[in-house]
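Note sheet for the following structure.
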Amino acid sequence: MANFAKLIVSGETDSGDQERDMNTKFFQFDKALRSNKIGDQCEAIVEIQKELGTIQFPAFINSAFLKFADVFRFGSNLQRLCILRATDHTKKQLSKVTNVEEFLRKIFSVTHSNDPIARAITIRLLGHSAQILSERKNVHHCLLNGLESHDSVEVEAAVWATAAFCAQSRSFATSALDRLSLMVEDLSTPIDLKLKLLTILRHMHYNARMTLKVREICTNLLENYPTRSFVLVILRTLSQLAAMALTDIPEQLALLEQYLIDDPRRAVKLLCLTNMALLAKTAPHMWESKDIQVVCTFVKEKGSSEKLQIAALKVLDSLASSVAVGKFSADEGIPRQNINGSVEMQCCSHAAYHTNNEIASLGTSLLVHLAVCQKRVDLQEQACISLETLLAVLLAEGPSTSPALRRCPLSIINLCASYPSMADRFIDIICTLLPSTPLEKTQPLCECLLAVCSHQRELLPGLVPDLLVILQDSACQQKSSTMLSLMTLLLQACASEELDRDVHSAVTQSLVRMNSWDVYRIGRQATRYGHHALGADIFAELAGKVSSEHLYCWINALRWCCEAESCLKSTSTLPEFVSCISKASNHYQQSIAALKAATIPSHSHTFQIKFLQLRSKVLQVFLQVLRACCSFKTSPPPAIATSLAVTTGNNVHKCGHVVVQLKRCAKSLLDMKAEYSQLYATAFDADDSSLINMRLQEQTCQLMARILDVLTEFPQKTGAKKYSPDLLQESSDLFGGEVVPTECQRWASACDQVYSMVQQLQQVQCIERCAAVLCCTPLCLPRFFYQRLCNTEIRLAVSPFPVSAFDTVSVHYDTHLTITIEGIISQTTLAKKSLRDIKQVKVIVYSTQQSRGQLLDNKKYSEPSIVRLEQLAEPKNDYFCCKALLQFPMPGLHQVTIDTVVLDQTDQEWSTGPKKTFLVKSFDEAVHRQQQLYAAQRQHQRAAQHQQQQQQL
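Now the structure itself:
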């Protein structure tokens, strides 16, 4: 139990469950299990199952599973079932059980019970623990014996556990294959048991000999047992085996095609097509043209039902969206010029104009994939006509939840991405159909319009008049989701310029009919695309409609942020522009104060506060730059400056004191660049567009700093040669070939404009103009400012660690201190997959001496001020562990800091934290004993003096 005396250090967002001590939880669990009521014991098992998902440290998990094993050994079947379910829900944590032998010994004893139900539960528990017990020979023997049991429940459990062990253990699969083949071929084995045993054979993929033997067994059974149940199970097993082994896929495809053509049973045909779809996703490169033609011919057959045609078209669509698309229309009998007469094109023509919308959508999708691959004008035109027809039919009839209504926009997006010239055509069609479309079908159209416009941004400004007409249509105003998508597209179309007055009024009028949450979402989109005047109006209206104080502060923070950006407008005179920047900086301070007031334990707003603080600091630096330029005009340099410039040969000395001020501003801008870089390193969970936004802000600071350096260091004649070739090279290569997000386009254009100004090198006028362009470009708040698509949290358990912050860890000065660092990584995501995966974790341990103690021999030791150790740990099942060996040769207090940095798949470092600091006291035992001796002597002397004084009295 001493292992539980560790401190759990989590990230920035600690929850109550994470702050509870592991000892307390385990003692409560142990106390409940000792209760006399079975209900309390079962409740404790369920509760500890939940805790295993939050406290994932091996010490706690190992103790909990050993306690499970004790209860399982002596408890009732009800308790065993609860433990079985708890183990099923915590399979991921089983790898952290360290005492595997003890765990197995306790639960394995139940296999000798006379109760077949208890034995069945035990066998299932062994199956759930296959990842840690896969090579235990006694377990293998138990499972094989369980297959021959006379109790049906135990046999069923043994079949399931055998499948689990075959998936984990090569040796067990090899030894079990012979037993399984005998039982399957034995006439005395029941039919239902044979069917269950056949499903185990899908795991026999460890070598070619094993796979070949399984195939021979199943092929013989197909001939001997042609019944529907056997054919379905055997074909499914062989397909799964081929998908995992990747050796018999051509043979399996030939077998499936044979049954697809020859077998009249509809269920068998449907299963063949389902298994073909599995092989198409697993190994599309192993398909041949003849296999594709067989499926296409099946689609054209008149006797095929619509359900079978849909299944066959899904196989073809999966192949056409993979590397196998090149094998379409490649049969030897038809030349490439006559592709329209091929089986594949006949299948597409048959399906694309079918009366069934699902078949038509799949046929159109197949035609689009072929058009994208073949790059031919006639295929492109056919795909376009088919999409137009299908879109009109789907909007006129059919349910709104039809998969075809979702598949058609995806095909339009795919075609427009490959053929940009088609985007304008489909945009006109969608804008024409949108007002007359039923409300329940408008959402897919709006999403399609957004996606097509994101690929063709040059078409966005031309959409504004059409979008205003659609937005004011009464039919569209009845559905908030449609209005939200249209207004988002409208704001995106105006992202490259300031929002027009007509657009502003149209959006404002439309917001009156929307609920508060949708209005907030529009305000959020306005800040993301740089329309801060609209955002300020929206947030000012929403401030009085929130239900809590921290939400009120959050809305006000956004309002003041928008007010600050709205102040940054180009003016005719420099003093007025300086006043605008000063006003914007004050608004940013109000926004930051409101953000701090909106902070609660579940929402710390760390990134938001830091992002706005950096923006405020950058504005203050630009303000200093402009004031320095003003001082050059109001307080020109002395007359001696001209002669000094002639003497030194540097014209910059003509500027006098302004050079020193501008150099300080350049240094401050470089400091801002470094802070942006640090903020970027902490945003591990940010999406790609947010990261590009931060990189662009960092690049802006660097660009302005280099402008100031060039204009204050180099002569005017040689400055252009020294500076112009690589001034904007970093800006042009900033995104590494990636598409610049729409919200970052104005910043990229501002950098280009600044570069063209700098090439003229007009000294102070150039600095003023560059600063004005960069300041007047509105700041687009990144998506990460509002929403985290992923949330990554690392919790550390450090041992040894002081009980309280005022305690220290004591160590002798001539010994080493071993620090054990365990970590748990928890990732939650709103997307289909995490944005970045953690490849390794770098643990950094460094110590600094705070105060010096005393040595008995008074020797002097030369010790570095900071001792730094680094170690890379690779997480396994979201768990990592490493150890650091530190020596403290100089007695005194030392501060030990532990920091964590994660590395993604590209080996880029991210400063996710957490960081923990504690004190270590290094001491000399001889000095300690000497001090105790001196203290005892002084106490003895004081006692003697006190006694002597008493005697004198």
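Residue numbering for the sequence shown follows our numbering, beginning at 5 and increasing consecutively. For each residue, glycine too, the CB sits at the ideal point set by N, CA and C.
Whole-angstrom distance between Leu-419 and Thr-368, CA atom to CA atom
Here residue 368 refers to the residue found at position 364 when the sequence shown is read from its first residue. Here residue 419 refers to the residue found at position 415 when the sequence shown is read from its first residue. Approximately 11 Å, taken between the alpha carbons.
Taking Val-815 as the reference, give the member of Thr-824, Pro-804 and Ser-808 with the closest Cα.
Numbered from 1 along the sequence shown, position 811 holds the residue referred to as residue 815. If you compare the alpha carbons of Thr-824, Pro-804 and Ser-808 with that of Val-815, the shortest gap goes to Pro-804.
Evaluate Tyr-680 with the Cβ neighbour count: other Cβ atoms within 10 Å of its Cβ, from every protein chain shown; 16 or more gives buried, anything less gives exposed.
Here residue 680 corresponds to residue number 676 of the sequence shown, with the count starting at 1. Per the 10 Å Cβ criterion, buried.
From which residue to which residue does the alpha helix (DSSP H) around Gly-509 run?
Position 505 of the sequence shown, counted from the start, is the residue given in the question as residue 509. Reading the sequence as shown, one finds Ser at residue 509 and not Gly. Start and end: 505-515.
Does DSSP put Asn-697 in a helix, in a strand, or in coil?
One-based indexing of the sequence shown puts residue 697 at position 693. In this structure, Asn-697 counts as helix in the three-state DSSP scheme.
Excluding sequence positions up to five away, which residues of its chain have a Cβ less than 6 Å from the Cβ of Val-376?
Position 372 of the sequence shown holds residue 376. Excluding positions up to five away in sequence, the list reads Ser-422.
Who are Asn-795's beta bridge partners in DSSP?
Residue numbering aside, residue 795 sits at position 791 when the sequence shown is read from its first letter. Asn-795 pairs with Thr-832.
Given this structure, state the Cα-to-Cα distance separating Gln-286 from Lys-318, to the nearest angstrom.
Translated into positions along the sequence shown, residue 286 becomes position 282. Translated into positions along the sequence shown, residue 318 becomes position 314. Looking at the sequence provided, one finds Thr at residue 286 rather than Gln. Taking the straight line from one Cα to the other gives about 14 Å.
Three-state class that DSSP yields for Gln-958 in the structure shown:
Because the chain spans 5 through 957 in this model, residue 958 falls outside it and cannot be assessed.
Roughly how many whole angstroms lie between the Cα atoms of Lys-573 and Phe-581?
Locating residue 573 in the sequence shown gives position 569, counting from the first residue. Locating residue 581 in the sequence shown gives position 577, counting from the first residue. Spanning the two alpha carbons is a distance of roughly 8 Å.
Based on the DSSP output, what are the partners of Asp-190 in its beta bridges?
Walking along the sequence shown from the start, residue 190 turns up at place 186. DSSP output for Asp-190 lists no bridge partner at all.
Just to confirm before moving on: does the CB-CB distance between Thr-901 and Lys-887 stay below 9 Å?
Position 897 of the sequence shown, counted from the start, is the residue given in the question as residue 901. Position 883 of the sequence shown, counted from the start, is the residue given in the question as residue 887. Between Thr-901 and Lys-887, the gap from beta carbon to beta carbon reaches 9 Å or more.
Hey, Tyr-533 and Cys-565 are a contact pair by Cβ (cut 8 Å); roughly how many whole angstroms apart?
Against the sequence shown, residue 533 aligns to sequence position 529. Against the sequence shown, residue 565 aligns to sequence position 561. The distance from the Cβ of Tyr-533 to that of Cys-565 is about 14 Å, inconsistent with a contact at the 8 Å cut-off.
Among Arg-946, Asp-692, Leu-700 and Met-708, nearest to Lys-671 - alpha-carbon criterion:
Locating residue 671 in the sequence shown gives position 667, where the first residue counts as 1. It is Met-708 whose Cα lies nearest to the Cα of Lys-671.
Here's the rule I'm using: 16 or more other beta-carbon atoms within 10 Å means buried, otherwise exposed. How should Arg-872 be labelled?
By one-based count along the sequence shown, residue 872 stands at place 868. The residue is exposed, with fewer than 16 neighbouring Cβ atoms inside 10 Å.
Less than 8 Å between the CB atoms is what I'm expecting for Ala-775 and Phe-636, so what's the real figure, rounded?
Translated into positions along the sequence shown, residue 775 becomes position 771. Translated into positions along the sequence shown, residue 636 becomes position 632. Not a contact, Cβ separation roughly 13 Å.
Could you check where the alpha helix (DSSP H) with Gly-367 kicks off and where it finishes?
Position 363 of the sequence shown, counted from the first residue, corresponds to residue 367. In the DSSP annotation of this structure, the continuous segment of the alpha helix (DSSP H) that includes Gly-367 starts and ends at 361-378.
Leaving out the 5 sequence neighbours to the left and right, which residues in its chain are closer than 6 Å to Gln-854 when beta-carbon positions are compared?
Stepping through the sequence shown from its first residue, residue 854 is reached at position 850. Excluding residues within five positions, the ones whose Cβ falls inside 6 Å are Leu-897 and Gln-899.
Residues near Leu-201 in its chain [Cβ-Cβ closer than 7 Å; skip 5 each side]:
Start at 1 with the first residue of the sequence shown, and residue 201 comes out as number 197. Cβ neighbours of Leu-201 beyond the five flanking positions: Val-163, Leu-184, Met-187 and Val-188.
Uninterrupted alpha helix (DSSP H) stretches inside the segment 65-153 (no shorter than 4 residues):
Runs of the alpha helix (DSSP H) spanning 4 or more residues and lying entirely within the segment 65-153 occur at 81-93, 104-112, 120-132, 134-137 and 141-150, in chain order.
Let's test the definition: count the other Cβ atoms within 10 Å of the Cβ of Gln-720 and tell me whether it reaches 16, buried, or not, exposed.
Counting from 1 along the sequence shown, the entry for residue 720 is found at position 716. Reliability of the predicted coordinates at Gln-720 is poor, the pLDDT of 43 falling under 50, and the value obtained from them is presented with this limitation in mind. By the beta-carbon neighbour count (other beta carbons within 10 angstroms, threshold 16), Gln-720 is exposed.
So, at 7 Å on beta carbons, what are the nonlocal neighbours of His-207 in its own chain, with the 5 sequence-adjacent residues on each side left out?
Translated into the one-based positions of the sequence shown, residue 207 becomes position 203. Cβ neighbours of His-207 beyond the five flanking positions: Ala-167, Cys-170, Ala-171 and Ala-177.
What three-state label does DSSP hand Leu-907 in the structure shown?
Here residue 907 is taken as the residue at index 903 of the sequence shown, counted from 1. The DSSP-derived three-state label of Leu-907 is strand.
Ignore the nearest five residues each way along the sequence and tell me which others in Val-468's own chain have a CB closer than 6 Å to its CB.
Against the sequence shown, residue 468 aligns to sequence position 464. Taken in chain order, the residues that qualify are Ala-497.
Gln-956, buried or exposed, once every other Cβ within 10 Å from all chains shown has been counted against 16:
On the sequence shown, position 952 is the one that residue 956 refers to. Gln-956 counts as exposed, since fewer than 16 other C-beta atoms from the protein chains shown sit within 10 angstroms of its C-beta.
Within a Cβ cutoff of 6 Å, which residues of the same chain sit near Cys-86, ignoring the five residues on either side of it in sequence?
The residue given as residue 86 occupies position 82 in the sequence shown. If you ignore the 5 residues before and after Cys-86, its C-beta comes within less than 6 Å of the C-beta of Cys-46 and Ile-49, all in its own chain and listed in chain order.
If we count the other Cβ atoms within 10 Å of its Cβ and call it buried at 16 or more, is Tyr-938 buried or exposed?
Residue 938 sits at position 934 when you count from the first residue of the sequence shown. Answer is exposed; the Cβ neighbour count stays below 16.
Would you grab the beta carbon distance between Ile-431 and Leu-463 for me? Rounded to a whole angstrom, and I think it's under 8 Å.
Translated into the one-based positions of the sequence shown, residue 431 becomes position 427. Translated into the one-based positions of the sequence shown, residue 463 becomes position 459. Confirmed, Cβ separation roughly 6 Å.
Are Leu-493 and Leu-555 closer than 9 Å when you measure CB to CB?
What you label residue 493 is simply residue 489 of the sequence shown in a count that begins at 1. What you label residue 555 is simply residue 551 of the sequence shown in a count that begins at 1. Taking 9 Å as the cut-off, the beta carbon of Leu-493 is found no closer than this to the beta carbon of Leu-555.
Can the beta-carbon of Val-906 be found closer than 9 Å to that of Phe-611?
Within the sequence shown, the letter at position 902 stands for residue 906. Within the sequence shown, the letter at position 607 stands for residue 611. Cβ distance not < 9 Å, so Val-906 and Phe-611 don't count as in contact.
For Phe-927, which three-state DSSP category applies?
Residue mapping note: residue 927 aligns to position 923 of the sequence shown, counting from 1. Phe-927 falls in the strand class under three-state DSSP.
Just to check my reading of the structure: Arg-77 and Ile-111 have Cβ atoms closer than 8 Å, yes? What is that Cβ distance to the nearest angstrom?
Your numbering for residue 77 matches position 73 in the sequence shown. Your numbering for residue 111 matches position 107 in the sequence shown. Right, the Cβ-Cβ distance comes to about 7 Å (below 8 Å), so this counts as a contact.
Going straight from the alpha carbon of Pro-729 to that of Ile-711, what length do you get?
Residue numbering aside, residue 729 sits at position 725 when the sequence shown is read from its first letter. Residue numbering aside, residue 711 sits at position 707 when the sequence shown is read from its first letter. Confidence in Pro-729 is poor, its pLDDT being 38 and thus under 50, which makes the residue's placement unreliable; the coordinate value appears in the next sentence. Going by the C-alpha atoms only, they are around 13 Å apart.
Start-to-end residues for the beta strand (DSSP E) that takes in Phe-884
As a position in the sequence shown, residue 884 is number 880, starting the count at 1. That run of the beta strand (DSSP E) goes 883-891.
Just the C-alpha distance for Gln-953 and Thr-852, rounded to the nearest angstrom, thanks.
If you number the sequence shown from 1, residue 953 lands on position 949. If you number the sequence shown from 1, residue 852 lands on position 848. Distance between the alpha carbons of Gln-953 and Thr-852 is about 50 Å.
When DSSP labels each residue in this structure, what does Ser-425 get in the three-state scheme?
Mapped onto the sequence shown, residue 425 falls at position 421. Of the three classes helix, strand and coil, the one that applies to Ser-425 here is helix, per DSSP.
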